[in-house]
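Engineer: Before anything else, here's the structure in question.
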Amino acid sequence: MITSRAAVSSALADPIFAERYRIMCSRDTRFDGQFITGVHTTGIYCRPSCPATTPKPGNVSFYLTAAAAHDAGLRACKRCLPDAVPGSPAWNIRDDLAARAMRLISDGVVEREGVPGLATRLGYTPRHLTRVLVAELGAGPLALARAHRAQTARLLLLSSDLPITDVAFAAGFGSVRQFNDTVAAVYERTPSEVRAARRSTPERSVPGVDRAETKVTLQLPARAPFDGAGLLRFLGARALPGIETATDRSYARTVRLPHGTATIEVTLSGTDAAPALTCSIRLAQLTDLAPLVSRVRRLFDLDADASAIDHHLGTDPALAASVALTPGIRVPGSMDAEETLFRALIGQQISVAAARTALTRLADALGDELPGPDRRLLFPTSAQIAAGGRAILRGPAARIDTIVRVAEALASGELALSFGQTRAELETSLVALRGIGPWTAGYVAIRVLGSPDILLTSDLALRQGAERLGLAGAPRALAARGAQWAPWRSYAGMHLWRAAADSSLYSPSRPAEGWSTSQGNPGQGRLA
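Read in order, the letters of the sequence shown correspond to residues 374 to 901 in our numbering.
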């Protein structure tokens with residue numbers, strides 16, 4: 374702890390410390406979740422906007438993760454609940470080892486495969502991975518996973534009616550004792566006391582529901598401003614009957630998870646100042662809950678630093694009106710990386726409606742059907758498409774060859790897609806396959822990794838949107854103008870797609886890439 378006046382002055386001379394201390398003094402909610410304030414005199418850590426009395430600089434440390442605060446001997450503030458906020462946007466903005474590890478940890482890789490499995494996925498030894506994470510984030514992979522489990526447990530205790538023992542295993546704990554000890558250490562309360570603090574009693578499971586499924590309803594906070602309606606329109610235009618349904622306020626779908634299947638229904642809730650999603654979930658395996666929540670957050674881009682993005686893009690006169698009209702625009706993510714890749718491949722060179730028809734035909738023929746009174750389908754796996762896709766798919770032979778070849782590569786393990794890849798790794802692995810070009814690789818990187826700084830200048834609709842906003846539509850000129858939108862070019866692209874649409878609906882047009890329809894042979898075609 375800093376005690377002397379000279380030491381306090383030295384701390385404030387650090388520009389990063391000084392900036393964070395000013396943010397904490399202003400109680401600016403925009404920075405909640407981006408860093409954590411540790412107050413050593415009280416032994417607690419808080420969100421930057423905590424309404425408690427502002428501590429002196431000498432009594433404060435700032436942390437990037439809750440795990441680092443836990444390792445420093447601090448517990449979560451009971452007043453501001455620092456983990457009940459959107460997550461840090463840094464794990465999508467950054468593409469380094471620490472960020473990739475955080476994306477995989479939130480997807481439950483440590484619980485499923487341990488630290489060795491996490492390290493293998495990232496291409497490093499466990500020792501080196503631990504050393505980097507401690508240096509970058511203040512805690513190793515086990516501590517980071519433990520903090521993530523604690524946050525999931527608190528969310529379930531407050532938002533669900535699951536028995537406390539079920540909460541322990543749903544959050545990823547290996548034993549009830551470990552669960553009890555962790556919750557007590559982090560929150561200074563027993564699990565029962567955490568649950569007793571909730572303001573209302575969640576709905577119990579609907580009578581008659583198959584007991585093989587567990588129903589959970591959660592509130593997932595978003596960072597304001599949040600264009601949830603725009604995301605729902607994007608997803609609704611592409612919804613596949615039997616797999617997805619969408620309205621102007623909700624979105625529902627089936628999904629495969631590491632240990633089983635689930636169905637979700639997401640509804641816009643909260644307020645403009647504190648937007649949220651109400652997420653109703655039915656799970657075959659409770660251990661899949663944390664990965665599912667992580668993927669829903671990624672699909673809806675809940676953690677994006679919307680204020681910073683809008684402020685930066687709004688400084689360009691050509692984008693200012695669009696930013697003002699659509700504050701908090703989001704980049705749609707992905708629930709399943711392989712599914713996103715097949716949607717991109719099948720949707721090339723055709724309209725959104727035609728792509729939806731082709732994908733629906735594929736799902737009807739090859740997708741597994743879930744039990745229940747309503748017909749609910751799962752999107753086909755790569756193995757199912759590799760085995761039966763050629764008989765179902767329609768269109769140029771070269772495109773069908775590409776889709777089947779990609780399915781075979783995914784099914785065999787030759788090609789792997791992961792939230793933990795760098796953008797360069799993902800794009801390089803895709804364009805190395807005959808029939809896949811830069812547009813597909815970039816689009817998949819945007820959707821799967823949440824890469825915030827990709828501008829698909831070869832996209833016809835994006836270029837048309839640029840021209841409607843008074844910008845040059847030629848790819849080279851648009852790329853040059855887009856350089857000033859960095860590091861948020863993916864979000865600028867969403868504004869351009871919106872401008873190209875007739876009814877505020879994103880309609881990205883896929884360029885011809887990866888094959889030559891005139892010759893009927895796979896090859897790297899010129900981007901339109």
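Heads up, the beta-carbon is just placed ideally off N, CA and C, and yes, glycines get one too.
Fair warning: this is a prediction, and the values are worked out from it, not measured in the lab.
#1: Report the residue from I719, S724, G745 and I723 whose alpha carbon sits nearest the alpha carbon of A736.
#2: Specify the secondary structure class of G411 as computed by DSSP and reduced to three states.
#3: By how many angstroms is the C-alpha of P753 removed from the C-alpha of T587?
#4: Apart from the five residues just before and just after S877, which ones in its own chain have a Cβ nearer than 8 Å to its Cβ?
#5: Return yes when the Cβ of A597 is within less than 8 Å of the Cβ of P648, no when it is not.
#6: Measure the C-alpha to C-alpha separation of S461 and A492 and round it to an integer number of angstroms.
#7: Here's a check: name, in chain order, each residue in its chain whose Cβ is nearer than 7 Å to the Cβ of S824, leaving out the five neighbours to either side.
#8: For the stretch 625-639 against the stretch 657-667, are there 3 or more C-beta pairs whose distance is under 8 Å?
#9: In chain order, what residues of the same chain lie with their CB nearer than 6 Å to the CB of E840, ignoring the 5 residues before and after it?
#10: Anyone know if the C-beta pair for L437 and I478 falls short of 8 Å?
#11: What would DSSP say about G416, mapped onto helix, strand or coil?
#12: Please report the distance separating the alpha-carbon of S399 from that of V458.
#13: Taking the continuous beta strand (DSSP E) assigned at F435, which residues delimit it?
#14: State buried or exposed for E711, treating a residue as buried only when at least 16 other CB atoms are found within 10 Å of its CB.
#15: Grouping DSSP H, G and I as helix and E and B as strand, with all else coil, what is R629?
#16: Nearest CA to the CA of I417: which residue from S707, M397, H443 and D405?
#17: Cα-Cα, which of D676, G609, A760 and L828 is closest to A726?
#18: According to the neighbour-count rule (16 or more other Cβ atoms, all chains shown, within 10 Å of its Cβ), is A544 buried or exposed?
#19: With 16 as the cutoff for other CB atoms within 10 Å, does T426 come out buried or exposed?
#20: Compute the distance between the beta-carbons of G701 and D683, then report whether it is under 8 Å.
#21: For P746, is the classification buried or exposed, using 16 other Cβ atoms within 10 angstroms of its Cβ as the cut-off for buried?
#22: D387 to R778, Cα distance in whole Å?
#23: Going by DSSP, which residues form a beta bridge with S642?
#24: Have a look at G411 and P430 and give me their C-alpha separation to the nearest angstrom.
#25: Let me confirm a value: L510 is counted as buried when at least 16 other C-beta atoms fall within 10 Å, else exposed. Which label applies?
#26: Classify S623 as helix, strand or coil using the three-state DSSP reduction.
#27: For the beta strand (DSSP E) that contains L675, what are its first and last residues?
#28: List the endpoints of the continuous alpha helix (DSSP H) containing Q551.
#29: Around the C-beta of G615, are 16 or more other C-beta atoms found within 10 angstroms, so that it is buried, or is it exposed?
#30: With DSSP as the reference, label L750 as helix, strand or coil.
#31: If you count every other CB in all the chains shown that lies within 10 Å of the CB of A836, and 16 or more means buried, which is it?
#32: May I ask you to list the residues that DSSP assigns as paired with E711?
#33: Along the chain, where does the beta strand (DSSP E) that runs through Q592 open and close?
#34: Is the stretch 448-458 close to the stretch 550-561, with three or more CB pairs under 8 Å?
#35: By how many angstroms is the C-alpha of F552 removed from the C-alpha of M708?
#36: Tell me which same chain residues have a C-beta within less than 7 Å of the C-beta of R763, skipping the five on either side of it?
Structural biologist: Checking against the coordinates, here is how it stands:
#1: I719
#2: It is a strand residue.
#3: 24 Å
#4: Reliability fails at S877, whose pLDDT of 41 lies under 50, so the model's placement of it is uncertain and the value that follows must be treated cautiously. Hits under 8 Å: G603, R606, T699 and R871.
#5: Going by C-beta atoms, P648 is nearer than 8 Å to A597.
#6: 22 Å
#7: R796, A818 and S863
#8: yes
#9: Once the five neighbours on either side are set aside, the close Cβ partners of E840 are G846.
#10: No, Cβ-Cβ distance for L437 and I478 is not below 8 Å.
#11: coil
#12: 18 Å
#13: V433 to Y436
#14: buried
#15: Looking at R629 - three-state DSSP - the assignment turns out to be strand.
#16: The candidate whose alpha carbon is nearest that of I417 is H443.
#17: Looking only at D676, G609, A760 and L828, the smallest Cα-Cα distance to A726 is reached by G609.
#18: buried
#19: exposed
#20: yes
#21: That one is exposed.
#22: 54 Å
#23: Looking at the DSSP assignment, S642 forms a beta bridge with A649.
#24: 11 Å
#25: buried
#26: strand
#27: Where L675 is concerned, there is no enclosing beta strand (DSSP E), given that its DSSP letter is neither H nor E.
#28: V549 to Y560
#29: buried
#30: strand
#31: Looking at the sequence provided, one finds Arg at residue 836 rather than Ala. It counts as buried.
#32: For E711, which the question treats as bridged, DSSP gives no partner whatsoever.
#33: If you look at Q592, you'll find it in the beta strand (DSSP E) that goes T587 to P594.
#34: Yes, since at least three Cβ pairs between the stretch 448-458 and the stretch 550-561 fall closer than 8 Å, the two stretches touch.
#35: 28 Å
#36: I773 and V777
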